[in-house]
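Data block below; observations after.
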Amino acid sequence: MTRVLVVDDEPQLLRALRINLTARGYEVLTAADGSSALRVAIDGKPDVVVLDLGLPDMDGSEVIAGLRGWTTVPIIVLSARADSADKVQALDAGADDYVTKPFGMDELLARLRAAVRRSNTSEAGDQPLVETATFTVDLSAKKVLREGVEVHLTPTEWGMLEVLARNQGRLVAQKQLLKEVWGPQYANETHYLRVYLAQLRRKLEVDPSHPRHLITEAGMGYRFEP
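Below is the structure:
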């Protein structure tokens, strides 16, 4: 049974979608705001997310970013915002599809089926928390805790750590890391990596000169070992 998380702050629409999707054989989870949506996604592991952008506590694009920090679950935006700029922003944030309200149930069901078919989500790899002996990386909340205290990271430090943590145990090539964090035009600026990795080690490693988790593979790239 396909599990769908529906996120919308309109109670009548939320109820209607739950009834319609359940009647068609879907298992339905619901959330009325962004914070609840992120919690339900972590606990419920949905196969697809249907998300409104206009939520009371945060914009839907922030929810997309929170999900994309740790999962590749298909996300279908369901919004009254018809402006192309809103669509581009949502898709750039990581949404897979965009349906404008009002909508037909047959269309939404077709989009759901297509999204699930395209999905190559591996639930074993969708882990929002990456824990080590000394610190925890929360890919959903985009923060790091060390002994229960949040460690302040700059946006660039976080970007680098996020890419490494999402590829834990695997070698991330220098050029790949530079492209993902800084952009394609920085693919040869390898000195950036040395500087920022040294900063991360000072903040996270017990002994920065002998790192256990942020490993350099000389001449090739870097590896995150939990």
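All residue numbers for the sequence shown refer to UniProt numbering, where the first residue is 1 and numbers rise by one. By construction, the Cβ of each residue, glycine as well, lies at the ideal position given by its N, Cα and C atoms.
Item	Value
Residue 4 versus 60, 129, 111, 61, residue with shortest Cα-Cα distance	111
Integer-rounded CB distance, given that residue 22 should sit under 8 angstroms from residue 6	Not confirmed; about 11 angstroms, so no contact.
Reference residue 228, options 147, 178, 195, closest by Cα	Look at the range of the chain in this structure, 1 to 226, and you will see that residue 228 is not part of it.
Supposed close pair residue 170, residue 223 - CB separation, criterion 8 angstroms	7 angstroms
Given residue 202 as reference, the closest of 173, 134, 220, 108 once Cα atoms are compared	134
Cβ-based burial, residue 80 [other Cβ within 10 Å; buried from 16]	exposed
Contact under 8 angstroms by Cβ, residue 221 with residue 173	yes
Selection from 53, 119, 141, 69 that minimises the alpha carbon distance to residue 100	53
Distance between residue 226 and residue 76 (C-alpha atoms, nearest Å)	32 angstroms
Helix, strand or coil at residue 28 according to DSSP, with G and I counted as helix	strand
Nearest to residue 64 (by Cα), restricted to the options 44, 39, 35, 95	95
Identity of the residues DSSP links to residue 215 by a beta bridge	223
Cutoff 7 angstroms; reference residue 70; Cβ partners in own chain excluding five residues on either side	126, 127, 128, 139, 140
In chain order, each alpha helix (DSSP H) run of at least 4 residues that lies wholly inside the UniProt DNA-binding region "OmpR/PhoB-type" (127-226)	155-166, 174-181, 190-204
Between the CA atoms of residue 209 and residue 230 - distance to the nearest angstrom	Summary: the structure shown does not reach residue 230, with the chain confined to residues 1 through 226, and so no result is reported for it.
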